[in-house]
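J.: Chains A, B and C are the protein sequences, given in the same order.
Here the first sequence is numbered in the numbering used here, starting from -18 and rising by one per residue.
Here the second sequence is numbered in the numbering used here, starting from -18 and rising by one per residue.
Here the third sequence is numbered in the numbering used here, starting from -18 and rising by one per residue.
Please see the structure below; I have some questions.
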Amino acid sequence: MSAAVSIRGRDVVTLDTFRAEELLHVVERARAMKAAPPEPRLQGRALAMVFFDPSLRTRTSFHIAFSTLGGAVVDMAAGRDLWPLEFREGVPMDGPADEHVRDAAAVLSEHADVLAIRSLARRRDWAQERRDMVIVSFQKHAQVPIFNMESVLDHPCQAWGDAMTLVEALGDVRGRKITLTWAWHPKARSLAVPQGVATMATKLGMDLTVAHPEGFPLDPGVRANLEHGARESGGSLRFVHDMRDGLADAEIVYAAPWGSIHHNHDPEAEAALRQRHVDWRVDATAMARTQDARFMHAMPIRRNVEADDAVVDAPGSLILEQAANRLHIQRALFCEVLGR
Amino acid sequence: MSAAVSIRGRDVVTLDTFRAEELLHVVERARAMKAAPPEPRLQGRALAMVFFDPSLRTRTSFHIAFSTLGGAVVDMAAGRDLWPLEFREGVPMDGPADEHVRDAAAVLSEHADVLAIRSLARRRDWAQERRDMVIVSFQKHAQVPIFNMESVLDHPCQAWGDAMTLVEALGDVRGRKITLTWAWHPKARSLAVPQGVATMATKLGMDLTVAHPEGFPLDPGVRANLEHGARESGGSLRFVHDMRDGLADAEIVYAAPWGSIHHNHDPEAEAALRQRHVDWRVDATAMARTQDARFMHAMPIRRNVEADDAVVDAPGSLILEQAANRLHIQRALFCEVLGR
Amino acid sequence: MSAAVSIRGRDVVTLDTFRAEELLHVVERARAMKAAPPEPRLQGRALAMVFFDPSLRTRTSFHIAFSTLGGAVVDMAAGRDLWPLEFREGVPMDGPADEHVRDAAAVLSEHADVLAIRSLARRRDWAQERRDMVIVSFQKHAQVPIFNMESVLDHPCQAWGDAMTLVEALGDVRGRKITLTWAWHPKARSLAVPQGVATMATKLGMDLTVAHPEGFPLDPGVRANLEHGARESGGSLRFVHDMRDGLADAEIVYAAPWGSIHHNHDPEAEAALRQRHVDWRVDATAMARTQDARFMHAMPIRRNVEADDAVVDAPGSLILEQAANRLHIQRALFCEVLGR
Chain A
-18 MSAAVSIRGR DVVTLDTFRA EELLHVVERA RAMKAAPPEP RLQGRALAMV FFDPSLRTRT
42 SFHIAFSTLG GAVVDMAAGR DLWPLEFREG VPMDGPADEH VRDAAAVLSE HADVLAIRSL
102 ARRRDWAQER RDMVIVSFQK HAQVPIFNME SVLDHPCQAW GDAMTLVEAL GDVRGRKITL
162 TWAWHPKARS LAVPQGVATM ATKLGMDLTV AHPEGFPLDP GVRANLEHGA RESGGSLRFV
222 HDMRDGLADA EIVYAAPWGS IHHNHDPEAE AALRQRHVDW RVDATAMART QDARFMHAMP
282 IRRNVEADDA VVDAPGSLIL EQAANRLHIQ RALFCEVLGR
Chain B
-18 MSAAVSIRGR DVVTLDTFRA EELLHVVERA RAMKAAPPEP RLQGRALAMV FFDPSLRTRT
42 SFHIAFSTLG GAVVDMAAGR DLWPLEFREG VPMDGPADEH VRDAAAVLSE HADVLAIRSL
102 ARRRDWAQER RDMVIVSFQK HAQVPIFNME SVLDHPCQAW GDAMTLVEAL GDVRGRKITL
162 TWAWHPKARS LAVPQGVATM ATKLGMDLTV AHPEGFPLDP GVRANLEHGA RESGGSLRFV
222 HDMRDGLADA EIVYAAPWGS IHHNHDPEAE AALRQRHVDW RVDATAMART QDARFMHAMP
282 IRRNVEADDA VVDAPGSLIL EQAANRLHIQ RALFCEVLGR
Chain C
-18 MSAAVSIRGR DVVTLDTFRA EELLHVVERA RAMKAAPPEP RLQGRALAMV FFDPSLRTRT
42 SFHIAFSTLG GAVVDMAAGR DLWPLEFREG VPMDGPADEH VRDAAAVLSE HADVLAIRSL
102 ARRRDWAQER RDMVIVSFQK HAQVPIFNME SVLDHPCQAW GDAMTLVEAL GDVRGRKITL
162 TWAWHPKARS LAVPQGVATM ATKLGMDLTV AHPEGFPLDP GVRANLEHGA RESGGSLRFV
222 HDMRDGLADA EIVYAAPWGS IHHNHDPEAE AALRQRHVDW RVDATAMART QDARFMHAMP
282 IRRNVEADDA VVDAPGSLIL EQAANRLHIQ RALFCEVLGR
């Protein structure tokens, strides 16, 4: 790794804005930090977290990473602790919103050294939803680095931690076969995790297969970026619509549920379409088609629905390493972005 | 106290798992810590608190104890910050629960060095309720020490702090007369406090009288443990159903309201039974039967309902010392369990 | 500034209890602290914050100020994390309240070194509302310094930060012309900010004009204090009922919306009266009457309703400096009150 690689002062909003060597540089920093007790490198610094949606792993990994390094953390729920926000520019604010996002972002930038935002998809038409208005608005108006704690399109810190887990498990990940497979879930879950993971895998030169039922594509803009990323890294990318085909010869199976962007604004139509694919469940038979693959999942996982206990708890399962590495990658990211 | 006494790495889930010398060892550590400003012994360590029920004293004592010793604290509400949890093993998770407790506990164990859980009784049949499923499940699946911040059956940190208050007030507590008396309360309150306090008193060899109306027994399993504890410690245990009899000659009066386990699943029947005992209130007349007893209560207290202002605010009242000692015992417990 | 000036151990509940030299002493400390990285002066100390109402700037400034100085912070919502409180003395607590404020305040005083409370007006008759029962009750029963994070009558930390902003912008503020102008807002907002700011301006000897529509007076008791303060400081105070008159020759324009105390208990009558003054909006034409005045506002601000974007974002606008200085004044206040 070149000593010249630096992400100091950068926003961590989408993985697509980082180069492979930057991803790997932070992974190496995280591995070094994992091996030693935390030092108070962030003393006197403050992180403000704003949740528009709930969170367990992301909340604890961000909060504990920052504060065990000596920093101060404020954890706020948007609907409870903040005033309702206006996102449009130049309008008379005589509706429900008490504060403009430009002011909230500017004020938080005066009090904190880093902001972190979680805001998932609502039920808008996808063409509008994919603009990722909340995180993009905070990014536009903040004067300090912004971290994405999961947005409509991406979950970069999850994927960055997964890169660390892959490096720990495989060493050099270039050319290794990873299958990202859709799994059935009773709810229409976010595309952020699969899109972040796919971005990471193609950036790092892996051979990525994405398996999903017809009607459950990734976002077209993200897909274009994936194709570009795979070409640039020397990796590969293919899409299949049959889980068994997708798992053949995989070294890594990454399961993720996600909803149909075609029906993002129409929950009933989305549920009806999704319901036709309850058989997309990772069981022992499915895993038998792989090269004794390691199993990955970002959690929370619906056991015996997305994947069977026998798969989730198999010796090759990496799900706990993934969760653990969220903490270590987060410590490294905070130190790298703040130049500490 | 033998230098060999250690509770390092232990769970603090029920007081019954600790020996008298362990209780007193931590009390002595807490008294020493109370006399000096807090040192940053927990720097780099993290505590994750999960509340299934509200809390004031327990929240502030845990949070402030850990963080004034330099540690990091994440405070989460189960219904708001966590995914709904599944507690059954091996079932297909196609219902409301998004995450299994085994995964939540395992992940929190990767991010934090200690977990603390509060989960009180719901309206189940007592035979099921008394299994204390939430705290027991976290204890089973966590890889780090678990603290009980009050469960169905026990509130060990309250009782441990009360042991400290008793030692401060009485010196050697063996053979001293303590009466734990039921008090009327408009709600069916938890049995955790009286059961924790009774466990502590019998373990420490006190002469314990428990006074409560017919129909408001302690849990039968806890009662069996109390009898065993009193025999082993050389203390004594008796139950009476008349408050005035119970208070005769007491040196300590500990008032606590609790609901009827016979009607735990049937709130209306429970309320009707409880309503017949509104006269169980600690007033000056009742206190006059004691040996000028000190008054104790875990708070929150319903003034002039459970006990009169004249009793609560009397010079001999120990309620504020009890609340203050929650902080000191907690600091000692964290340091002892984490070996700092 | 005399070295003998000290506010150690004081409550910061209303600005009226402080002398001009005390206000300026803390402003100077804050300016010195702003110029240097935070030091861990509050290590081992704890702040407990109790919010009866939501907060952004106050929450982050208090929390981050205290914790970046090394202290521990517990942030609680009254309705969620605390038991419902009783405020009356001597009554049988058989209603909804589970805990008396005297006990909550006493217990928090045992666990924390500072308490901070936010509790705004409800819909009571103003004669009762203005007694500011919540903050006054905590102040009465706490054993440690109390900070007001905004109450019915005052928002002293906002006003103290504004004093710092004025000193930074103007140097010696004595005799400088400041106009506090009412602005229309779709909700009946609190009088705490304008009253705190007016108290600060008169204490510091500024020439204060308060412009508001008929029917929207400040509290009569506060008004009497303002007159006293202006006389004592050599400043001046006048009230006008026309925004344009009020702004003439101003060097500082401070906009604030507030409700009518005449109708505090009757929201519909209040809204009807307020609705007649939608033209009280600070626009470029209004600002043209001033001496090229700087614009101030405590935020959140309803853009293009209270004031136009062109005013809020003008080069002379001080709103971000105000928000930033909340953090610095808070650090200075905590250090001064705790004698660190």
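All residues carry an ideal CB built from backbone N, CA and C; glycine is no exception.
#1: Could you check the C-alpha separation between TRP61/C and PRO35/B for me, to the nearest Å?
#2: Check whether the Cβ of VAL221/A lies closer than 8 Å to any heavy atom of the ligand NAP, and answer yes or no.
#3: Within the stretch 41 to 103 of chain C, note down every full beta strand (DSSP E) run reaching 3 residues or more, in order along the chain.
#4: If you measure from the beta carbon of VAL54/C to each beta carbon in chain A, is any gap under 9 Å?
#5: Look up MET(-18)/B in the DSSP assignment and say whether it is helix, strand or coil.
#6: Is PRO65/C buried or exposed, if buried means 16 or more other CB atoms sit within 10 Å of its CB?
#7: Give me the Cβ distance between ALA140/B and LEU(-4)/B, rounded to the nearest whole Å; I'm assuming they're in contact under 8 Å.
#8: Measure the CB-CB distance between ARG275/A and ARG38/A and report whether it falls below 9 Å.
#9: Count Cβ pairs between the stretch 276 to 294 of chain A and the stretch 65 to 74 of chain B that sit closer than 8 Å; are there 3 or more?
#10: Where do the N-terminal and C-terminal ends of the beta strand (DSSP E) with LEU218/C fall, by residue?
#11: Quick one, are the C-beta atoms of ARG312/C and PRO126/C less than 9 Å apart?
#12: Taking 8 Å as the threshold, find out whether the stretch 151 to 169 of chain C comes into contact with the stretch 187 to 199 of chain C through three or more Cβ pairs.
#13: Would you list, in chain order, the members of the stretch 83 to 112 of chain B that have their beta-carbon closer than 8 Å to a beta-carbon of chain A?
#14: Do you know whose CA, among HIS44/C, VAL95/C, ALA87/C and PRO18/C, lies nearest VAL318/C's CA?
#15: Could you name each continuous alpha helix (DSSP H) segment of 4 residues or more that falls completely within the stretch -4 to 23 of chain A, going from the start of the chain to the end?
#16: Use the C-beta contact count for ALA108/A: other C-beta atoms within 10 angstroms, 16 or more gives buried, fewer gives exposed.
#17: By the criterion of Cβ-Cβ separation under 9 Å, what are the contact partners of MET130/A in chain C?
#18: Provide the residue span of the alpha helix (DSSP H) that contains ALA179/A, from first to last.
#19: Counting only beta-carbon atoms, is HIS81/B nearer than 9 Å to chain A?
#20: Identify, in the order they occur along the chain, each residue of the same chain with its Cβ nearer than 6 Å to the Cβ of VAL8/B, setting aside the five sequence neighbours on each side.
#21: For chain B, is any of its Cβ atoms less than 9 Å away from the one on MET(-18)/C?
#22: Pair every Cβ in the stretch 98 to 113 of chain C with every Cβ in the stretch 23 to 34 of chain C, then say whether three or more of these pairs are closer than 8 Å.
#23: Give the range of the alpha helix (DSSP H) segment to which ILE116/C is assigned.
#24: If we ignore side chains and look at the alpha-carbon of each, how far apart do ARG111/A and CYS316/A end up?
#25: With 7 Å as the C-beta to C-beta threshold (strictly closer), list the residues of the stretch 275 to 301 of chain C near chain A in chain order.
#26: Run the CB neighbour count on PRO175/B, radius 10 Å, all protein chains shown included, and call it buried at 16 or more, exposed below.
#27: Please check the pair LYS184/B and GLY202/B, which I expect to be a contact at CB under 8 Å, by giving their CB distance rounded to whole angstroms.
#28: Which bits of chain A does VAL72/B rub up against, with CB to CB less than 9 Å?
#29: So which residues of chain C does ARG(-11)/A contact, with C-beta pairs closer than 7 Å?
#30: Where do the N-terminal and C-terminal ends of the alpha helix (DSSP H) with LEU28/C fall, by residue?
#31: What does GLY25/C reach in chain B if we use C-beta pairs closer than 9 Å?
#32: For chain C, find out if any of its Cβ atoms is closer than 9 Å to the Cβ of ALA313/B; answer yes or no.
#33: Contact check, ARG219/B vs ARG270/B under 8 Å by CB: the rounded distance?
#34: What is the DSSP secondary structure of THR146/A, reduced to helix, strand or coil?
#35: How close, in whole Å, do the beta carbons of ALA164/C and ARG262/C come, if the pair is a contact with beta carbons under 8 Å?
#36: Using DSSP bridges, identify the partner residues of ARG170/B.
T.: Reading it off the structure:
#1: For the purposes of this step, residue 61/C is taken as residue 80 along the third sequence, with counting starting at 1. For the purposes of this step, residue 35/B is taken as residue 54 along the second sequence, with counting starting at 1. Here the sequence assigns Arg to residue 61/C, which means Trp is not the residue at that position. C-alpha separation (whole angstroms): 7 Å.
#2: This structure lacks the ligand NAP, and indeed carries no ligand of any kind.
#3: 53 to 58 and 95 to 99
#4: For this step, residue 54/C is matched to residue 73 along the third sequence. By this cut-off, VAL54/C is an interface position.
#5: On the second sequence, residue -18/B is found 1 positions in, with the first residue counted as 1. Because the pLDDT at MET(-18)/B is just 46, under 50, the model does not fix this residue reliably, and the point stays unresolved.
#6: One-based indexing of the third sequence puts residue 65/C at position 84. Exposed.
#7: For the purposes of this step, residue 140/B is taken as the residue at position 159 of the second sequence. For the purposes of this step, residue -4/B is taken as the residue at position 15 of the second sequence. Confirmed, Cβ separation roughly 5 Å.
#8: If you number the first sequence from 1, residue 275/A lands on position 294. If you number the first sequence from 1, residue 38/A lands on position 57. Against a cut-off of 9 Å, the Cβ pair of ARG38/A and ARG275/A comes out as no contact.
#9: yes
#10: Taking the third sequence and counting its residues from 1, one reaches residue 218/C at position 237. Here the beta strand (DSSP E) through LEU218/C covers 217 to 221.
#11: In the third sequence, the residue the question calls residue 312/C occupies position 331. In the third sequence, the residue the question calls residue 126/C occupies position 145. Contact: no.
#12: yes
#13: ASP84, ALA85, ALA87, VAL88, LEU89, GLU91, HIS92 and ALA93
#14: Position 337 of the third sequence holds residue 318/C. The residue with the shortest Cα to Cα distance from VAL318/C is VAL95/C.
#15: 1 to 15
#16: Taking the first residue of the first sequence as 1, we reach residue 108/A at position 127. Per the 10 Å Cβ criterion, exposed.
#17: Working through the first sequence from its first residue, we reach residue 130/A at position 149. Neighbours of MET130/A on chain C: none; closest Cβ ~17 Å, over 9 Å.
#18: As a working note, residue 179/A is residue 198 in the first sequence. First-last of the alpha helix (DSSP H) with ALA179/A: 173 to 184.
#19: As a working mapping, residue 81/B is identified with position 100 in the second sequence. Yes, because at least one Cβ of chain A sits closer than 9 Å to the Cβ of HIS81/B.
#20: Mapped onto the second sequence, residue 8/B falls at position 27. Cβ within range, chain order: ALA144, MET145 and VAL148.
#21: The residue labelled residue -18/C in the question sits at position 1 within the third sequence. Only weak support exists for where MET(-18)/C lies, its pLDDT of 45 falling under 50; the coordinates are left without a value.
#22: yes
#23: One-based indexing of the third sequence puts residue 116/C at position 135. That run of the alpha helix (DSSP H) goes 114 to 122.
#24: For the purposes of this step, residue 111/A is taken as residue 130 along the first sequence, with counting starting at 1. For the purposes of this step, residue 316/A is taken as residue 335 along the first sequence, with counting starting at 1. Straight-line Cα distance between these residues: approximately 30 Å.
#25: MET280, PRO281, ILE282, ARG283, ARG284, ASN285, VAL286, ASP290 and LEU301
#26: Here residue 175/B refers to the residue found at position 194 of the second sequence. PRO175/B is buried by the Cβ-count criterion.
#27: In the second sequence, the residue the question calls residue 184/B occupies position 203. In the second sequence, the residue the question calls residue 202/B occupies position 221. So it is not a contact: roughly 16 Å between Cβ atoms.
#28: On the second sequence, position 91 is the one that residue 72/B refers to. Going along chain A in sequence order, the residues near VAL72/B (Cβ under 9 Å) are ARG284 and ASN285.
#29: For the purposes of this step, residue -11/A is identified with residue 8 of the first sequence, where counting begins at 1. Within 7 Å Cβ-Cβ: nothing; ARG(-11)/A doesn't reach chain C, min ~18 Å.
#30: Working through the third sequence from its first residue, we reach residue 28/C at position 47. Here LEU28/C belongs to no alpha helix (DSSP H); instead the beta strand (DSSP E) covers 27 to 32.
#31: Residue 25/C sits at position 44 when you count from the first residue of the third sequence. Under the 9 Å cutoff, chain B gives PRO18, PRO19, GLU20, PRO21, THR49, LEU50 and GLY51.
#32: Stepping through the second sequence from its first residue, residue 313/B is reached at position 332. Not closer than 9 Å to any Cβ of chain C, the Cβ of ALA313/B fails to qualify, so no.
#33: To locate residue 219/B, count along the second sequence from 1; it is residue 238. To locate residue 270/B, count along the second sequence from 1; it is residue 289. Contact doesn't hold; Cβ gap of about 16 Å is too wide.
#34: In the first sequence, the residue the question calls residue 146/A occupies position 165. Helix, per DSSP.
#35: Taking the third sequence and counting its residues from 1, the one referred to as residue 164/C is at position 183. Taking the third sequence and counting its residues from 1, the one referred to as residue 262/C is at position 281. Right, their Cβ atoms sit about 6 Å apart.
#36: Locating residue 170/B in the second sequence gives position 189, where the first residue counts as 1. In the DSSP output, where bridge partners are listed per residue, ARG170/B has none listed.
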